[in-house]
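Quick notes on the structure that follows.
Protein chains: 2
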Amino acid sequence: MKRGRLLYAQSGGVTAVINATACAVIETARKHRIDVLAARNGIVGALREELIDTAKESKAAITALRYTPGGAFGSCRYKLKSLEQNRAQYERLIEVLRAHDIRWFLYNGGNDSADTALKISAIGRELDYPINVIGVPKTVDNDLAVTDCCPGFGSVAKYTAVSVAEASLDVESMCESSTKVFIIEVMGRHAGWIAAAAGLAARADGDPPHLILFPEIPFDEEKFLARVKATVERVGYCTIAASEGIKNPQGQFLAEAGTRDAFGHTQLGGVAPLLANLVRDKLGYKYHWALPDYLQRSARHLASKTDAEQAYAVGKAAVEYALAGHNAVMPVIVRTSDAPYRWKIASAPLNAVANHEKKLPKNFISRDGYGITAAARRYLEPLIRGEDAPKYAKDGLPGYVRLRKHLLAKKLPAYEIS
Amino acid sequence: MKRGRLLYAQSGGVTAVINATACAVIETARKHRIDVLAARNGIVGALREELIDTAKESKAAITALRYTPGGAFGSCRYKLKSLEQNRAQYERLIEVLRAHDIRWFLYNGGNDSADTALKISAIGRELDYPINVIGVPKTVDNDLAVTDCCPGFGSVAKYTAVSVAEASLDVESMCESSTKVFIIEVMGRHAGWIAAAAGLAARADGDPPHLILFPEIPFDEEKFLARVKATVERVGYCTIAASEGIKNPQGQFLAEAGTRDAFGHTQLGGVAPLLANLVRDKLGYKYHWALPDYLQRSARHLASKTDAEQAYAVGKAAVEYALAGHNAVMPVIVRTSDAPYRWKIASAPLNAVANHEKKLPKNFISRDGYGITAAARRYLEPLIRGEDAPKYAKDGLPGYVRLRKHLLAKKLPAYEIS
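So the sequences go chain by chain: A and B.
240 is the number of the first residue of the first sequence in my numbering; add one for each residue after it.
240 is the number of the first residue of the second sequence in my numbering; add one for each residue after it.
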């Protein structure tokens, strides 16, 4: 019985658990005897008719996907233009779907992807091609609307909190005669969700991190230096978790403002080295800084169990919604209780998600601007709970999988991405 | 029966597993009903008569030590002067030992500590104070002589290999439209042991890391850029593991040579941002870079089981050697077989260890200078084998312990460290 196929695509920055969603999509579709195609490198591959036949992947490989970081089918940063600007692109997409008998399209991404998914659903209706489009949430930035949290965030939050706790124990051991100020720079250019998660490392008053620098709070150099000094004098050292997105009072990103090297180039990346510079010049303390960059969002070895389970659950629900004939919706995470933490999956209309941005609530940041509140802790803590370690091979490395990624034969003429 | 006490001190940069050694020392001594004192902040605390009474720590706390990173009693970077230059300091140390009936001294550190331990043993004999001094190996740098490997290294090696594998999966997912060059900077200012360990992430030809930059190989800008370009063209992206200690052909550290900011300050830290700059300016590729810094040596959550077991074993052996009356020796790790990997503990004279440095063997670096050989793999791989995760608390964080660190009452006049 030929019932049409399901197309799955990954979009935007990948996470430690986006493949858990992919795994759920494929496992659930297989249960319903539906073939899953996956776009190679996201929507770009769909446009180019580069479609991976997931039926060629073994059951073991799909199981291993659940524990493999990165985006197994490839992702991309590519936003379709508006329908008015590039209608041909949407028409091409429908052509590809039609050529391969694709009836269900699952788009796994953030805000932009929800918007694209919505448009594809609309154009399908307009062109009289029946396609059920489901958005599937994913982003380490945790900034999607409607859903209580975003798959991918809990794991980067756990990585950040654990790393802050561990590195601080190191610094604490040696602060009397060595490093006194330690700065860790975390992702989150526009919202301080990950910076806030660093605060989970502190279980008791005085525990590190001693200062969190949020993008929501303009950076006040004098106040910052005074706090660092006071902390070093009181605790012996000072751990700082700084968001990459902190801004000066003029609203410029600190990492971009007035930092040119000897050749006039903008200095590369890094709020952490800038802050370290400041601490050295103004306070004279010995410092160290870390910038985990991609390590924080790919650390599948330290994934949060809550996060991995939610990533799987949204993938499973997406397939079930699609097969039940839903369209232009997204499975979202609904928190039904803080303590004990309970959640369930519900369906939300894509237009409630697309192009909205969930900000870090004001009452999550402590009054002094350098810490998190009890409300933040109540929200964040369940998201890093539980471990979900991958199996390790005998060689000491996790058993991550690379798929075969067998491409279907093309049926359409080549297409140039504009 | 009063049999004297044992003093334990941690020295130099801490590791993810130095507390596993501390745990072994205390657990083994307790079995022999010997009281263990621990110097607060290493040798500096011994000189100041700041002695922690480990009997005040619960059994559960000592058990948890095995899984806690950092140095639980505090460490320091302080090298005693030579006997000729500061004899008074050595005499003070003997005075402290005598005042607290300390018969055994275990010094847990690297090359310098082995040297200090040797001197303390000598001065004890000279001053007619019977003290058995045992050096206990520890260093992430893996540069101690005689021992096959150093406790602390295996875990940073595992962290590095896993991080390279994980971040590379992330980069690989998106390289078609986004980041093409990823650089991770690793510790090892004078030897490429940790850089070499990054190479373990590559299981098959073409696997990341594609280039390793060793401090042993002068940095050749042109050749480097050509290799990066060729790799991006062949594989789609290029992962580079760079030692913080790489030097230009003139022998200067790259991170120090000619990198001043707009104010004339030496640019802070980081070979990685320098290389990223170069890649951007000369090749125009989109890049990302990571600098895990202390995260790499404190990541107890990802410790190697081999490493943790060896860290425990040297602590246990050190106590047994001490109580058996050995002096001026160090328990070292002897590899008896590569495959299957087998090791045992043996006793080595401290003067064979002190002030020597184990270099990365030339035959560990591939002919082209950018990779590791089969010989390197044979040596390194067993050291990252096995996992030894800490227990996690309900809040999602590892159950790391902070000790009470109850100080003994002082019996001597205050002492100023010169």
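Ideal Cβ placement from N, Cα and C applies to all residues, glycine included.
Would a C-beta distance cut-off of 7 Å place residue i and residue j closer than the cut-off?
| i | j | result |
| --- | --- | --- |
| A:R536 | A:V379 | yes |
| A:G638 | B:R624 | no |
| B:F603 | B:A615 | yes |
| B:I485 | B:L517 | no |
| B:S416 | A:R316 | yes |
| B:G608 | B:I373 | no |
| A:V283 | A:A591 | no |
| A:L246 | A:F344 | yes |
| B:I572 | B:D382 | no |
| B:D340 | B:G490 | no |
| A:A434 | A:G445 | no |
| B:K298 | B:H645 | no |
| B:A515 | B:Y526 | yes |
| A:T399 | A:A441 | no |
Pop quiz: residue i and residue j are said to be a contact at Cβ under 8 Å. What is the actual Cβ separation, rounded to whole angstroms?
| i | j | result |
| --- | --- | --- |
| A:M569 | A:A353 | 6 Å |
| B:T478 | B:S407 | 5 Å |
| B:G554 | B:V264 | 4 Å |
| B:P447 | B:V403 | 6 Å |
| A:V401 | B:H540 | 6 Å |
| A:N566 | A:S360 | 6 Å |
| A:L332 | A:A285 | 6 Å |
| A:A481 | A:V510 | 5 Å |
| A:A529 | B:L534 | 5 Å |
| B:D274 | B:K318 | Going by Cβ atoms, the distance from B:D274 to B:K318 rounds to 28 Å, so no, they are not a contact pair. |
| A:Y306 | A:K521 | That pair is no contact at about 46 Å. |
| B:S371 | B:R326 | According to the sequence provided, residue 371 of chain B is Asn. The question's Ser does not apply to it. Wrong, their Cβ atoms sit about 21 Å apart, outside the cutoff. |
Mind listing the chain B neighbours of residue i? Cutoff is C-beta to C-beta under 9 Å, in chain order.
| i | result |
| --- | --- |
| A:T612 | Near A:T612 there are no residues of chain B at all, since even the closest Cβ is about 16 Å away, more than 9 Å. |
| A:I623 | D634, G635, L636 |
Between residue i and the rest of its own chain, which residues show a CB-CB distance below 6 Å, the 5 nearest in sequence each way excluded?
| i | result |
| --- | --- |
| B:G313 | R279, N280 |
| B:V253 | G309, G310, S314 |
| B:A547 | V256, A259, D627 |
| A:A556 | P570, I584 |
| A:L647 | L290, D292 |
| B:A593 | A353, D354, L357 |
| A:D577 | R617 |
| B:A501 | Its pLDDT being 43, under 50, B:A501 is placed unreliably by the model, and the measurement read from it follows with that caveat. Closer than 6 Å at the Cβ level, and outside the excluded window around B:A501, lies no residue. |
| A:A550 | V256, A259, T260, P390 |
| A:P454 | G431, S482, G484, I485 |
| A:Y580 | P621 |
Leaving aside the five residues before and after residue i along the sequence, list all residues of the same chain whose C-beta is less than 8 Å from its C-beta, in chain order.
| i | result |
| --- | --- |
| A:G497 | At A:G497, the pLDDT of 49 sits below 50, so the modelled position is not reliable and the matter cannot be decided from this model. |
| B:K544 | R624, G625, E626, D627 |
| A:H271 | V558, L562 |
| B:Y329 | L319, L322, K358, I359, I362 |
Name the chain B residues that come within less than 7 Å of residue i, Cβ to Cβ?
| i | result |
| --- | --- |
| A:L604 | Looking at the sequence shown, residue 604 of chain A is not Leu but Ile. Simply none; closest approach about 20 Å. |
| A:H527 | D532, Y533 |
| A:L541 | H540 |
Going along chain A, which residues have a C-beta under 8 Å from residue i?
| i | result |
| --- | --- |
| B:E483 | Result: empty, since nearest Cβ-Cβ is about 12 Å, beyond 8 Å. |
| B:R536 | D409 |
Excluding the 5 residues flanking residue i on each side, which residues of the same chain have their C-beta closer than 7 Å to its C-beta?
| i | result |
| --- | --- |
| A:T458 | The amino acid occupying residue 458 of chain A in the given sequence is Phe; Thr does not appear at that position. Result list for A:F458: L452, I485, K486, N487, L493, in chain order. |
| A:E472 | none |
| A:L651 | E288, E334, V335, A338 |
| B:E266 | I301 |
| B:K377 | T254, I257, T260, N347, G348, G349, C389, P390, G391 |
| A:Y560 | I373, V568, P570, S586 |
| A:G503 | Annotation note: pLDDT 48 at A:G503 (below 50); position unreliable, coordinate value reported separately. So no residue of the chain qualifies. |
Under 9 Å Cβ-Cβ, which residues of chain A neighbour residue i?
| i | result |
| --- | --- |
| B:E411 | G309, G310, G313, R641 |
| B:F421 | D532, Y533 |
| B:K486 | Result: empty, since nearest Cβ-Cβ is about 20 Å, beyond 9 Å. |
Residue i versus chain A: which residues are under 7 Å apart at the beta carbon?
| i | result |
| --- | --- |
| B:S657 | In chain order: nothing, as chain A lies at least about 14 Å away. |
| B:S402 | L534 |
Along chain B, in chain order, which residues have C-beta atoms closer than 8 Å to that of residue i?
| i | result |
| --- | --- |
| A:R316 | M413, S416, S417 |
| A:V467 | Neighbours of A:V467 on chain B: none; closest Cβ ~16 Å, over 8 Å. |
| A:K377 | Those do not exist, as A:K377 stays about 12 Å from chain B at its closest Cβ, beyond 8 Å. |
| A:G438 | What A:G438 touches in chain B: nothing, since even the nearest Cβ is about 12 Å away. |
| A:A620 | Note on identity: in this sequence residue 620 of chain A is Glu, with Ala being the wrong assignment. What A:E620 touches in chain B: D634, G635. |
Evaluate contact between the stretch 416 to 430 of chain B and the stretch 449 to 468 of chain B, counting only Cβ atoms and requiring at least three cross-stretch pairs below 8 Å. yes
When you compare the stretch 386 to 398 of chain B with the stretch 353 to 372 of chain B, are there three or more beta-carbon pairs, one atom per stretch, that lie closer than 8 Å? no
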